[in-house]
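Quick notes on the structure that follows.
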Amino acid sequence: STKRLSYLINDFLTVSRLKSGKFSVELGESDIKNVMADEVDNLKEQFKAKNIKLKVNIDNNLKKMKIDEQKIRQVMMNLIDNAMHYTKPEGQVEVTLKKDGNNAVFEVKDTGIGVPKEDQAELFSKMFRSDNAQTMRPDGTGLGLYLAKKVIVAHHGHIIFKSELGKGSTFGFRIPIK
Numbered sequence: 017s018t019k020r021l022s023y024l025i026n027d028f029l030t031v032s033r034l035k036s037g038k039f040s041v042e043l044g045e046s047d048i049k050n051v052m053a054d055e056v057d058n059l060k061e062q063f064k065a066k067n068i069k070l071k072v073n074i075d076n077n078l079k080k081m082k083i084d085e086q087k088i089r090q091v092m093m094n095l096i097d098n099a100m101h102y103t104k105p106e107g108q109v110e111v112t113l114k115k116d117g118n119n120a121v122f123e124v125k126d127t128g129i130g131v132p133k134e135d136q137a138e139l140f141s142k143m144f145r146s147d148n149a150q151t152m153r154p155d156g157t158g159l160g161l162y163l164a165k166k167v168i169v170a171h172h173g174h175i176i177f178k179s180e181l182g183k184g185s186t187f188g189f190r191i192p193i194k
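Using this note's numbering, the first residue of the sequence shown is number 17, and each one after it goes up by one.
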């Protein structure tokens, strides 16, 4: 809970930096595999408590790369946490990190509620939340996906998103390995 509160505060600080034009990424050599493993470990007990199966795939071919570890950590946690909250008990979340050419690809695929087609174009807008997401999790801020996109674009990457209402979603990112 403390860690989640810390991430929420960081989200608000990042939005403030974006508004003031002071947002930047601080690249440093980091092992993205360890970052993902840490974030998955932080949420494992919650997955068990919610009776959601968690499957994890990490490609060991990924080496250290230049990323803003704290910001990438926030993005990963947010995407995994969202998948957990929008997946019903006995559902499944699969988290994958792999090397694809000169890119690191991180994906979170769930069997959750999905995103209505009419909401998909606005999904990465600040403070936007689908009606079905608000119903299932009324305490969300609508900042996580907005900030995720800003962080990934700042890393010269791309957001991954696919969804089908009632069948689940895939969220993630592709960033160049430097």
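Heads up, the beta-carbon is just placed ideally off N, CA and C, and yes, glycines get one too.
None of these values were measured; they are calculated from a predicted model.
Q: Label Ser-185 either buried or exposed according to how many other C-beta atoms from any shown protein chain fall within 10 Å of its C-beta, with 16 as the threshold for buried.
A: buried
**Q.** Inter-residue spacing [alpha-carbon to alpha-carbon] between Glu-110 and Phe-39
**A.** 31 Å
Q: Determine the direct distance from the alpha carbon of Lys-133 to that of Lys-71, and round the result to whole angstroms.
A: 27 Å
Q) If we call anything under 8 Å between Cβ atoms a contact, is Ile-83 one with Ser-46? A) yes
Q: Any chance you could list the beta strand (DSSP E) runs of at least 3 consecutive residues sitting entirely within the region 21-107, in chain order?
A: 44-46, 69-74, 81-83
Q: Determine the extent of the beta strand (DSSP E) in which Val-121 is found, giving its start and end residues.
A: 119-126
Q: Check whether the Cβ atoms of Glu-42 and Asn-67 sit closer than 8 Å, and answer yes or no.
A: no
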